[in-house]
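Take the first sequence: its position 156, counted from the start at 1, is 156 in my numbering, and no numbers get skipped.
Ideal Cβ placement from N, Cα and C applies to all residues, glycine included.
I have placed the structure first, in the form of structure tokens, so that the comments after it can refer back to it.
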Amino acid sequence: MLTIPFIRENRDLVIRQLKIKNFDAETIIDQILKKDLSRRNNQVRVNELQSEMNQASKAIGLLFKNGEKDQANQAREKTSELKEEIRALQSAMQQASSELNELLIQVPNVPHASVQQGKSESDNEIIRKGGSVPDLEENALPHWELAARYDIIDFDLGVKLTGAGFPLYKGDGARFQRALISYFLDRNTESGYKEVLPPLLVNADSGFGTGQLPDKEGQMYHVQSDDFYLIPTAEVPVTNIYRDVILEEGDLPIKNTAYTPCFRREAGSYGKDVRGLNRVHQFDKVEIVQIQSQENSYQALEEMVLHVESLINDLQLPYRIVRLCGGDLSFTSALTFDFEVYAAAQKKWLEVSSVSNFEAYQANRLKLRYKKPGEKKTLLAHTLNGSALALPRIVAALLENNQTSEGIRVPSVLHKYMGKDLIK
RNA sequence: GGAGGAAUGGCAGAGUGGUCGAAUGCGGCGGUCUUGAAAACCGUUGUCCGCCUACGGCGGACCGGGGGUUCGAAUCCCUCUUCCUCCGCCA
1 MLTIPFIREN
11 RDLVIRQLKI
21 KNFDAETIID
31 QILKKDLSRR
41 NNQVRVNELQ
51 SEMNQASKAI
61 GLLFKNGEKD
71 QANQAREKTS
81 ELKEEIRALQ
91 SAMQQASSEL
101 NELLIQVPNV
111 PHASVQQGKS
121 ESDNEIIRKG
131 GSVPDLEENA
141 LPHWELAARY
151 DIIDFDLGVK
161 LTGAGFPLYK
171 GDGARFQRAL
181 ISYFLDRNTE
191 SGYKEVLPPL
201 LVNADSGFGT
211 GQLPDKEGQM
221 YHVQSDDFYL
231 IPTAEVPVTN
241 IYRDVILEEG
251 DLPIKNTAYT
261 PCFRREAGSY
271 GKDVRGLNRV
281 HQFDKVEIVQ
291 IQSQENSYQA
301 LEEMVLHVES
311 LINDLQLPYR
321 IVRLCGGDLS
331 FTSALTFDFE
341 VYAAAQKKWL
351 EVSSVSNFEA
361 YQANRLKLRY
371 KKPGEKKTLL
381 AHTLNGSALA
391 LPRIVAALLE
401 NNQTSEGIRV
411 PSVLHKYMGK
421 DLIK
């Protein structure tokens, strides 16, 4: 969430910039400022009374020590009124600050200056294209049919075991998953990311820290008996490693990468682009996460974009990079670049990565801060993450684009992981 | 799952109702000494909120989380969480 001092000092800017996200912030921002002011006034009063009370208590202690019992008891009676007053004010203050918090978490992150106004993904700006679309035969098959032909992904068995959207990978299909995961992890660690393997279930605090809770509660699977959430992305556990942490500036940047399965309920998206691997409830993804200083976060974002681009290039997939418009930008993000690859049989662009800078928005929720050398003041860190990469749609595009009459060509960078160059 | 014990500052570890934000040691930072370094010695060392014409002063909160008792709680009570020991079960 945004910090109160930031809102206080940048009221107009916040309202103006949030219009780009199609969010009318004026009313809520003014409510926040009003509540903040009254909370502060209240606190001044409470602090005064507490100070008075502390002094009185000290005096009473001294009287008892000196054996002046009567005087002490007299003084004690006098404090009861003060005590009542403090109690009342404190509970009012608690109420106010929880109301303030309630309002604050409803305000999305302010978009970066480069983000354009727009309603939906159709307004996203294509900033770069690469690779070349293969010349497929007229009767080229979509990946779900290829999956059946080579018996490498079984959607029906997934339905039997769990339900729709939980594919079962078999044989070379399973091996292919493992190959991609290993390849991505190796490339990421070569680029300075440290590999971590986090828990797949997280608590509510973690869900809140990265912004999935409370607004996107319905997107996650919830284990009610223990109040855990299945992670929708490795971003959640990997970023929450640094919840309530104060780093030294010299520790930055922190770069982590993690492979995890991801679980998404995708409620309400039935019937829309859900064939095959296009949209599933459980999928594998390798994520990269950076913790950066305020000055360097946009440079880091650029670096992450180039890194993801190089992965896609090496898989020889046709791709495009888009800058999300205000309407398509997530609640917590300031700037996001999506990567889409072209699945040539479906003739569709499929999103395979989303690289974002959250600036201090998550860090404020996480209480993730850092200190410059020799300075006492703490600063909120900037958090960034991106998929490098999400597997299902990469697999979909590779199967479709690389189909030949002999079988499916395995990209050369994966040969050593697959132990073969053709799936047949 | 059953029975006990514990949770204090970056770490170790005192403190069981009254100047305790918290002894002491280690670490960190600054300094003296030294050609330099080490040792020794001296000083310093948390976070958050707020107020004040402020590169400083003051007030408040924080001793695992939450709640309670009390004029006053790190210290007492309740509850949750985590860790350790023993028993049971188990990949």
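In whole angstroms, what is the alpha-carbon distance linking A234 and I423?
C-alpha separation (whole angstroms): 30 Å.
4 or more residues per run - each alpha helix (DSSP H) lying fully within the segment 235-314:
Runs found: 235-240 and 297-314.
For E213, which residues of its own chain have a beta-carbon under 7 Å away from its beta-carbon, when the five flanking residues on both sides are left out?
The question names Glu, but residue 213 is Leu in the sequence shown. Scanning its chain for C-beta atoms nearer than 7 Å, with the 5 sequence neighbours on each side dropped, one finds around L213 the residues A204 and G207, in chain order.
Candidates A334, V223, P142 and V286: which alpha carbon is nearest N188's?
The residue from A334, V223, P142 and V286 with its alpha-carbon nearest to that of N188 is V286.
Determine the DSSP secondary structure at N428, reduced to helix, strand or coil.
With the chain covering only 1 through 424, there is no way to say anything about residue 428.
Contact under 9 Å by Cβ, G374 with I20
If you check the CB distance, G374 and I20 do not come in under 9 Å.
On the criterion of 16 or more Cβ atoms from any shown chain inside 10 Å, does I127 qualify as buried, or is it exposed?
Classification of I127: exposed, given that the 10 Å Cβ count is below 16.
If I follow the unbroken alpha helix (DSSP H) through I60, where does it start and stop?
Residue range E26 to K65 is occupied by the alpha helix (DSSP H) that includes I60.
By the DSSP assignment, the alpha helix (DSSP H) with V395 in it spans what residues?
That run of the alpha helix (DSSP H) goes L391 to N401.
What span of residues does the alpha helix (DSSP H) with K416 cover, start to end?
For K416, the enclosing alpha helix (DSSP H) stretches over residues H415 to M418.
Mind checking whether L18 and D24 have CB atoms under 9 Å apart?
Yes.
Is it buried or exposed for T27, if we count other Cβ within 10 angstroms and need 16 for buried?
When all chains shown are included, T27 counts as exposed.
Using 9 Å as the threshold, is the C-beta distance between F228 and V202 below it?
In this structure, the beta-carbon distance from F228 to V202 falls below 9 Å.
Bridge partners of E340, per DSSP?
In the DSSP secondary-structure assignment, E340 is bridged to R320 and E351.
Assumed close pair A72, L82 - CB separation to whole angstroms, cut-off 8 Å
16 Å between Cβ atoms; not a contact.
Residue range of the beta strand (DSSP E) that I126 falls in?
E125 to G130 is the span of the beta strand (DSSP E), which, as asked, contains I126.
As a quick exercise: from S330, H281, Y221 and L141, pick the residue whose alpha carbon is nearest that of I408.
Across the set S330, H281, Y221 and L141, the C-alpha of L141 shows the shortest separation from the C-alpha of I408.
Note down, in chain order, each residue of its chain lying with its Cβ closer than 7 Å to the Cβ of V410, except the 5 sequence neighbours on either side.
So the list reads M418, K420, D421, L422 and I423, once near-sequence residues are dropped.
Any contact of the segment 253-268 with the segment 314-334, i.e. 3+ C-beta pairs under 8 Å?
No, they do not touch.
Tell me which residue opens and which closes the alpha helix (DSSP H) that K136 is part of.
Contrary to the premise, residue 136 reads as Leu rather than Lys in this sequence. Counting along the chain, L136 falls outside any alpha helix (DSSP H), and DSSP gives it neither H nor E.
Beta-carbon within less than 6 Å of Y169's beta-carbon, same chain only, minus the 5 sequence neighbours each way: which residues are those?
Cβ within range, chain order: I153 and Q177.
Counterpart residues of R458 in DSSP-defined beta bridges
No answer is possible for residue 458: it lies beyond the span of the chain, which begins at 1 and ends at 424.
In the DSSP assignment, what residue or residues form a beta bridge with V196?
According to DSSP, which records beta bridges pairwise, V196 is partnered with A258.
Residues that D154 bridges to, as DSSP identifies them:
DSSP, once it has assigned bridges, lists L168 as partnering D154.
Considering just the uninterrupted stretch of the beta strand (DSSP E) at F228, what are its terminal residues?
Element bounds for F228: F228 to L230.
To the nearest angstrom, how far is the alpha carbon of K348 from that of Q43?
Each residue's Cα considered, the two are about 57 Å apart.
Just tell me which of T336, L104 and R279 has its CA closest to the CA of M304.
Of the candidates T336, L104 and R279, the one whose C-alpha sits nearest the C-alpha of M304 is T336.
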